[in-house]
Every structure is written in C-alpha cells, then in structure tokens.
Amino acid sequence: MRNLLILSLVMTLGACAVTRETPAPVVNVTAPKSLNPTPATPPAVAATTTTSAPPAKTTVNKINDDDDGVVVQNTTKNTASSPMKSTTAKVAKVAAGTGAVIAGVDWLRPTNGQITQAYTAALKGIDVSAPEGQAILAANDGKVVYSGNGLKGYGNLIIIKHQDNFLTAYSHNKVNLVKEGSSVKRGQKIAEVGKTDSEKPLLHFELRKSGKPINPTPIFE
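Here is the structure:
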C-alpha cells in the first residue's frame, strides 16, 4: 500500500509541467532507482534517522482511488536493493520571518532566491532561481514519500507528506539527500539546488492539500 500511495502522489504532479520547457506526461510511470544517500555534515541541532534497505522487487497495481483522488496505472519493476546507513539529519537554524502561514500552517522557505516563474493554475507551483549547490530545506516536519528522478520534466524530485494531508514537492535538485520512508524535520537539509531536467539551476516548488495545488508564493516573499 505504501508504494501505491507513493506513485499516486507522484502522478498528482504530472499535470504541473504543461507550461514548462519540458512537459511531463502522465502515463505508466515506472518506479525509478533510488539514489545513494549523501552524508550530511554535522548539524547545530541534530536528529538521527535510521532507514532500512528497500525491497529488491516492488509490485504496483492499478490504483482506482486514494485519499488524494488520484487514478493511475503503474507497472512492476525489479530494482537492486542497497543498504542504507544511519544518517544524522541536518537541521538549519532559521531566522524569524523566513516563510509564511498558508492554510493555517507555518511553512518555512525551502531556499532563498528569485521567483522566475510565477504560480499559475496550469503550472501549479513556482520556479525559484538560486545558485547551484545551495541548500534546499524541508518546509515542515513530514515523511518522504518519494525521492527519485522517474518523472520526466522534474529531474531529481522529492515529495514530502505532512500532517493534515499536505504535500510539498522539490524538483530539479542537484542531489537528493533523503530516502523514501525517512522522517524529516522542518529546516532539515534534504537536497541541493540543481538543473536536472532544467536549463539553469532552480527549485521548482509545489504545495498541495488533498491533491489540490495551493499558491506557495507568500513563502518566498
């Protein structure tokens, strides 16, 4: 069931790329290979998270519906399993005011930069230009439900599920630093700004509740 939820969440993002330079088709997504974790440097405030190795074979059946209202057909793929090490979560010290309250939740700004693509009903997110390698932080506490590069047009993508059925998505990352199933803390470094499936370094950020997009612009203002 966890894999069904993961891929159904990924597919909610597929429609977001219709106005982007590289459209993302919403058909038969095959579960991608997991990336090897990159150790984080010692933090000022740390929380240790231990994850286990993924199964060697992941079977995904057709999803008729879930709590996000997603309908998608998926496939089965054999993936090589690899052991994961215990990592120390890096939690950044965040200055007051770096974020915004949206839908009753206080969201942290994932990274600093300039909005180069504004939120629209078609895009369902925003593009933030930032230097390659700059830290991307978790906007709130949650659980990583996807970390990979299997959705065309998004490059390296991380999706985090938060309380009250909120989701945040972070794409075009240079490197993903968290794995599926990991618990993350608000302000934890989860990735670095990159240009995978993009012509220049940027963060494409999306905020959703029950599968419906919410304008995240105030978080970056």
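Those letters in the sequence shown? Residues -17 to -1, 1 to 204, per mature numbering (1 follows the signal peptide of the UniProt record, and there is no 0), in order.
Where is the CB? At the ideal position from N, CA and C, for every residue including glycine.
Bear in mind that the values here come from a model prediction, so they are computed numbers and not experimental data.
Backbone secondary structure at residue i - three-state DSSP
i	result
Thr151	strand
Leu190	strand
Pro196	strand
residue 209	The requested residue 209 does not occur in the structure, where the chain is confined to residues -17 to 204.
Whole-number beta carbon distance between residue j and residue i, since they are thought to touch under 8 Å
i	j	result
Lys157	Gly136	Lys157 to Gly136, Cβ: 17 Å. No contact.
Ala122	Glu175	About 16 Å separates the two Cβ atoms, so there is no contact after all.
Tyr138	Ser181	A quick correction: the sequence has Gly, not Tyr, at residue 138. That pair is a contact at about 6 Å.
Leu185	Val111	6 Å
Cys91	Leu120	Sequence check: residue 91 is Leu here, not Cys. Going by Cβ atoms, the distance from Leu91 to Leu120 rounds to 6 Å, so yes, they are a contact pair.
Extent of the continuous beta strand (DSSP E) to which residue i belongs
i	result
Glu175	Lys172 to Glu175
Lys178	Looking at the DSSP string, Lys178 is not in any beta strand (DSSP E), and its letter there is neither H nor E.
Ile129	Ile is not the amino acid found at residue 129; the sequence shown has Tyr there. Looking at the DSSP string, the run of the beta strand (DSSP E) that includes Tyr129 is Gly125 to Gly131.
Ala83	Gly82 to Ile85
Leu140	Asn139 to His145
| field | Segment contact flag, the segment 160 to 169 with the segment 121 to 141, C-beta cutoff 8 Å, min 3 pairs | value | yes
| message | With a threshold of 8 Å, are at least 3 pairs of Cβ atoms found where one atom belongs to the segment 185 to 204 and the other to the segment 80 to 98? | response | yes
| message | For the structure I just gave you, are there three or more beta carbon pairs, one from the segment 95 to 106 and one from the segment 130 to 144, closer than 8 Å? | response | no
| query | Is it true that the segment 181 to 189 meets the segment 144 to 156, where meeting means three or more beta-carbon pairs spaced less than 8 Å apart? | reply | yes
| message | To test your reading of the DSSP string, which unbroken beta strand (DSSP E) runs of 3 or more residues are found completely within the segment 90 to 114? | response | 97 to 100 and 109 to 112
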